[in-house]
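Participant: There's a structure below that I have some questions on.
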Amino acid sequence: MKSNNDILIVGGGIAGMETARQLKALGLSPVIVEKSSSLGGHVANWNCLFPDMTPTRKLLAQYEEELKDVLVYTDTEIVSINRLQKGYSIVLSNGTVHPCKSVVFATGFKLFEAEKKEEYGYGIYDHVITNADLEAWFETGSDERVPEKPAAIGFVHCVGSRDIKAGNTQCSKVCCITAIKQAIEMKEKFPNAEIYCFYMDLRLFGKKYEDFYINAQRDFGIHFIRGRVSEVSETIDGRVMVKAEDTLAGKPVKVRLDLLVLMAGIVCNKENHALASAVQMPVDDDGFFRSRDNIAAITESDKDGIFFAGTCTGPKTIPETLAEARSAALNVYNYLKKSK
Ligand SMILES: Cc1cc2nc3c(=O)[nH]c(=O)nc-3n(C[C@H](O)[C@H](O)[C@H](O)COP(=O)(O)OP(=O)(O)OC[C@H]3O[C@@H](n4cnc5c(N)ncnc54)[C@H](O)[C@@H]3O)c2cc1C
Ligand code: SF4
8 MKSNNDILIV GGGIAGMETA RQLKALGLSP VIVEKSSSLG GHVANWNCLF
58 PDMTPTRKLL AQYEEELKDV LVYTDTEIVS INRLQKGYSI VLSNGTVHPC
108 KSVVFATGFK LFEAEKKEEY GYGIYDHVIT NADLEAWFET GSDERVPEKP
158 AAIGFVHCVG SRDIKAGNTQ CSKVCCITAI KQAIEMKEKF PNAEIYCFYM
208 DLRLFGKKYE DFYINAQRDF GIHFIRGRVS EVSETIDGRV MVKAEDTLAG
258 KPVKVRLDLL VLMAGIVCNK ENHALASAVQ MPVDDDGFFR SRDNIAAITE
308 SDKDGIFFAG TCTGPKTIPE TLAEARSAAL NVYNYLKKSK
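Per the numbering used here, numbering of the sequence shown is gapless, rising by one per residue and ending at 347.
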C-alpha cells in the first residue's frame, strides 16, 4: 500500500503512539496530532507501572526511538473535520489542512477532579492529595503536602467512580491496583508507617494483580479496611482524621493520618464530544466514545474510516490500551486496503 500520510491519529498518549508504531510497521505513514507539548499522555505522569514496577521512562524512551520518523504535531488541536467524498479534510490549529482517508481517535480520559468530592477535603486540608499527585511526588520528591516522615498514611478507593452523586457509575478498573502499588511504594520509603486502604470491594482482575494484593498484606503489613469512608476532617494538630465503617469487622473505625491519598478515577474526556459531533458520531451514556459493538468491534465507530484506540472508549490498563491500539491499526490497514 502507498504511504502518503493519509491517516491522522488524534492524541499522542500510549494509545496513539502504539497505533502509529503498528501502522508504521505495516508500511504506512500516520501523522499524530497531540494537543499538549509532548507525547505520552497520562502515562508520562506516572513514575512506575504496575504490575512489574516498570519505570515509565524506559517504556516511553522505546516509543520515542521507534517514532523518530513519524510526523508529530504537538501543541496542535483539531479545528474542524469535514466529510469528503472519500475521507475527511481536517483543519488543524497550526494552520495546516490535512486531507486523510482514515482517522483514529486516541484522545484518552480525564482524571476525576477530586475537589468535587468536597467531603474528602482535597484542596481544603493540608495533607490530602490524589493518586496523580503521589506519582508526581515519586518522580520529583517535592510536594509540601507530603510530610517528611509520615507515621500513618491512608488510601481512599473509588473517588469519583461507582458514585451516582459524582455522575460516574463506572468502575475505573485501574485504581484498586494503583492504590496497592502506591501503598507498597510508600511502605518501602517509610517502613515504620502504618498504611491503610479503605475500599468498597477490591477489583483486581489482571495478571499478577492478586499476587500484588497478597504481598501487600503478607510482606508489607498493609491494612485493608472494607467500608466507605464516612467522614474526613482535620485535627487541631493538622493531621487528617478518617472515619469509616469496617463492614467486615462490623464496627466503626477512626484513624489519624499524616497523609490521605484519594484514588481519583478515570472519567470521560468531555472535549471528545465536540469531535464526535463534528462527524455526527454518538457518545455513550458515560460520555466516552461509542464503539460500533462493545464485544466484537470496540475499536470501530459507526462512521466510515473512523476508529478508536485506548481509553477514549472507557477505562483501561496500559496492556489493554496497547492491545486496542494494535487492533485499531489493523482496522485502518484493512479499511485502506478495501477502499483502494
Ligand atoms: C493514577 C493512575 C495510574 C495508572 N498507572 C498505570 C499502571 O501503572 N499500569 C497500567 O497498566 N495502567 C496504568 N494506568 C492506566 C493508564 O494511565 C491508561 O491506560 C493510559 O493512560 C491510556 O492511554 P491513552 O493513550 O488511551 O490515554 P491518555 O493517556 O489520556 O492520552 C491521550 C492523549 O490524547 C491527547 N488529546 C486529548 N484530546 C486531544 C485532542 N482533541 N487533540 C489532540 N490531542 C488530544 C492528550 O493530550 C493525551 O496526550 C493508570 C491510570 C491512573 C489514573
Ligand atoms: S478499580 Fe477499585 S478503586 Fe477503582 S473504581 Fe474500581 S473498585 Fe473503585
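Glycine included, C-beta positions come from ideal geometry on N, C-alpha and C. Since this is a predicted model, take the numbers as computed values, not measurements.
Could you name the residues that DSSP lists as bridge partners for Gly20?
Facilitator: Gly47
Participant: Answer with buried or exposed for Asn301, where buried requires no fewer than 16 other C-beta atoms within 10 angstroms of its C-beta.
Facilitator: exposed
Participant: Along the chain, where does the beta strand (DSSP E) that runs through Lys117 open and close?
Facilitator: Lys117 -> beta strand (DSSP E) spans Phe116 to Leu118.
Participant: Which term fits Leu269, buried or exposed, when burial requires 16 or more other beta carbons within 10 angstroms of its beta carbon?
Facilitator: buried
Participant: Tell me whether the beta-carbon of Glu41 lies closer than 8 Å to the beta-carbon of Val77.
Facilitator: no
Participant: Got a sec: does ligand 2 put a non-hydrogen atom nearer than 7 Å to the Cβ of Ser179?
Facilitator: yes
Participant: Using 8 Å for Cβ pairs, my map puts Asn54 next to Phe145. What's the rounded Cβ distance?
Facilitator: 4 Å
Participant: For Met8 and Lys347, I'd like the C-alpha separation in whole angstroms.
Facilitator: Low confidence applies to Met8: its pLDDT is 43, below 50, so where it sits in the model is not reliable, and the reading given next is rough at best. Roughly 9 Å separates the two Cα atoms.
Participant: Quick check on DSSP: helix, strand or coil for Ala159?
Facilitator: Note: Ala159 maps to strand in three-state DSSP.
Participant: Let me check understanding here. Comparing Cα to Cα, which of Leu329, Leu337 and Arg152 lies closest to Glu25?
Facilitator: Sorting Leu329, Leu337 and Arg152 by C-alpha distance to the C-alpha of Glu25 places Leu329 at the top.
Participant: Please report the straight-line C-alpha distance between Leu30 and Asn138, rounded to a whole angstrom.
Facilitator: Looking at the backbone, the Cα of Leu30 and that of Asn138 are separated by about 33 Å.
Participant: Using alpha carbons as the reference points, say which of Ile202, Arg233, Met60 and Asp59 lies closest to Phe227.
Facilitator: When each option's Cα is compared against that of Phe227, the closest is Ile202.
Participant: Would you check if the region 104-111 and the region 77-96 touch, i.e. whether three or more CB-CB distances between them fall below 8 Å?
Facilitator: Yes: at least three Cβ pairs fall under 8 Å.
Participant: To the nearest angstrom, report how far apart Gly245 and Asn276 are at their CA atoms.
Facilitator: 35 Å
Participant: Spatial neighbours of Glu73 within its chain, please: CB distance less than 6 Å, with the 5 preceding and 5 following residues excluded, ordered by chain position.
Facilitator: Arg28
Participant: Using DSSP with H/G/I as helix, E/B as strand and the rest coil, what is Ala200?
Facilitator: coil
Participant: Please work out which residues of its chain come closer than 8 Å, Cβ to Cβ, to Phe315, disregarding the five sequence neighbours upstream and downstream, and give them in chain order.
Facilitator: Val111, Phe112, Ala113, Phe296, Ser298, Ile305, Thr306, Glu307, Ser308, Glu331 and Ala335
Participant: Of all the beta strand (DSSP E) runs that stay within the bounds of the region 223-275, which reach a length of 3 or more residues?
Facilitator: The beta strand (DSSP E) runs of length 3 or more contained entirely in the region 223-275 are, from start to end of the chain, 230-233, 236-241, 247-253, 258-264, 266-271 and 273-275.
Participant: What distance in whole Å lies between the Cβ atoms of Phe57 and Ile136, which are believed to be in contact at a cut-off of 8 Å?
Facilitator: Not quite, the Cβ-Cβ distance comes to about 19 Å (not below 8 Å), so this is no contact.
Participant: So Asp208 and Ile232 are supposed to be a Cβ contact under 8 Å. How far apart are they, rounded?
Facilitator: Incorrect: roughly 12 Å between the Cβ atoms, too far for contact.
Participant: Would Ser45 and Thr83 qualify as a contact pair, given that the criterion is a beta-carbon distance under 8 Å?
Facilitator: no
Participant: Helix, strand or coil, according to DSSP, for Thr137 in the structure here?
Facilitator: In the structure shown, Thr137 sits in a strand (DSSP, three-state: E or B).
Participant: Counting only runs of 3+ residues fully inside the region 301-333, write out the beta strand (DSSP E) ranges in chain order.
Facilitator: Whole beta strand (DSSP E) segments, 3+ residues: 313-315.
Participant: What span of residues does the beta strand (DSSP E) with Leu78 cover, start to end?
Facilitator: Leu78 to Tyr80
Participant: Would you tell me roughly how many angstroms separate the C-alpha atoms of Ala159 and Val249, rounded to the nearest one?
Facilitator: Cα-Cα distance, rounded: 11 Å.
Participant: For Phe145, does the three-state DSSP call read helix, strand or coil?
Facilitator: helix
Participant: For the beta strand (DSSP E) that contains Leu99, what are its first and last residues?
Facilitator: Tyr95 to Leu99
Participant: Return yes when the C-beta of Lys196 is under 7 Å from any heavy atom of ligand 1, and no when it is not.
Facilitator: no
Participant: DSSP three-state call for Leu209: helix, strand or coil?
Facilitator: coil
Participant: What residues match up with Cys182 in a beta bridge as DSSP calls it?
Facilitator: DSSP lists no partner for Cys182.
Participant: Helix or strand or just coil, what does DSSP make of Leu74?
Facilitator: coil
Participant: Quick one: is the Cβ of Ser87 within less than 7 Å of any heavy atom of ligand 1?
Facilitator: no
Participant: If I measure Cβ to Cβ from Leu267 and keep anything under 6 Å in the same chain, skipping five residues before and after, which residues do I get?
Facilitator: Val135, Gly161 and Val247
Participant: Tell me the rounded alpha-carbon separation between Ile221 and Lys194.
Facilitator: 15 Å
Participant: Got a sec? Which residues, its chain only, sit under 8 Å from Val290 by beta carbon, not counting five neighbours each side?
Facilitator: Cys275, Asn279, His280, Ala283, Phe296 and Arg297
Participant: How long is the line joining the alpha carbons of Lys188 and Ala68, rounded to whole angstroms?
Facilitator: 22 Å
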